[in-house]
């Protein structure tokens, strides 16, 4: 079993829909990261959080430390949000453990 | 700031050749990471440095891989000799300690 599991693996939505991507982890962590990767592109850090909730534009990330679970929400989704979203956790030190990613496609 | 700068962006080489990938982290960051991404295995940490010192190299696949960080503004990842199974995108990332990570654009390596 992977230490970091994401669901769903693939997600297709219509423009304007509210989207949720989930991440569960099985180890103690010091922080959780949400990353975005466009096709053929680089990786961008969206959020780093260790408790509560963060918001940036149409993106919201929440984490529940007790339940070892985090969600990434996208409100009013747009085709440019189509990308792979990766959940990663930091355990001791700076080492990241990655989930397998969620491929999101938003159709116009 | 220009962000994390990697070179080359693309490299095509023949099996057995030496490959050197380069990374310039963001100024002021003291942690540097080398990751490899493949379709089969996703993102994998190869090695990371804190203050130019290698901290964890357990992800380095084998002795053919080596990484150096001679100073705070430069790191190299070398593969010698290269093999077709080394074909991947290699990302460098930097952060200030265990803070937010900033990734380079990646170096796409193809070994024929």
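Protein chains in written order, with the numbering used here: chain Z, 204 to 311; chain B, 4 to 115.
Think of the CB as a built atom: it goes at the ideal place given N, C-alpha and C, for glycine as much as any other residue.
Residue(s) in a DSSP beta bridge with residue i
i	result
residue 157/Z	In the structure as shown, chain Z begins at 204 and stops at 311. Residue 157/Z is therefore absent and cannot be evaluated.
residue 114/B	16/B
residue 267/Z	272/Z
residue 307/Z	214/Z and 286/Z
residue 262/Z	259/Z and 277/Z
residue 208/Z	227/Z
residue 10/B	25/B
The beta strand (DSSP E) enclosing residue i, as first and last residue numbers
i	result
residue 59/B	56 to 59
residue 36/B	34 to 41
residue 118/B	In the structure displayed, chain B extends from 4 to 115; residue 118/B sits before or after that span and is not available.
residue 225/Z	222 to 228
residue 25/B	22 to 27
residue 301/Z	299 to 301
residue 92/B	91 to 98
residue 255/Z	255 to 259
For residue j and residue i, believed in contact at Cβ under 8 Å, the rounded distance
i	j	result
residue 99/B	residue 82/B	Going by Cβ atoms, the distance from residue 99/B to residue 82/B rounds to 28 Å, so no, they are not a contact pair.
residue 78/B	residue 93/B	About 11 Å separates the two Cβ atoms, so there is no contact after all.
residue 281/Z	residue 218/Z	6 Å
residue 91/B	residue 112/B	6 Å
residue 287/Z	residue 235/Z	Actually they do not touch by this definition, with Cβ atoms about 17 Å apart.
residue 233/Z	residue 105/B	In fact, because the Cβ distance is near 18 Å, the residues do not count as touching under 8 Å.
residue 245/Z	residue 294/Z	Going by Cβ atoms, the distance from residue 245/Z to residue 294/Z rounds to 24 Å, so no, they are not a contact pair.
Just checking, does the stretch 5 to 15 of chain B make contact with the stretch 248 to 258 of chain Z on the three C-beta pairs under 8 Å criterion? Contact fails: fewer than three Cβ-Cβ distances are below 8 Å.
Pick out the complete beta strand (DSSP E) segments inside the stretch 61 to 89 of chain B, 3 residues or longer, and give them in chain order. For the stretch 61 to 89 of chain B, the full-length beta strand (DSSP E) segments reaching 3 residues or more read 68 to 74 and 77 to 82 along the chain.
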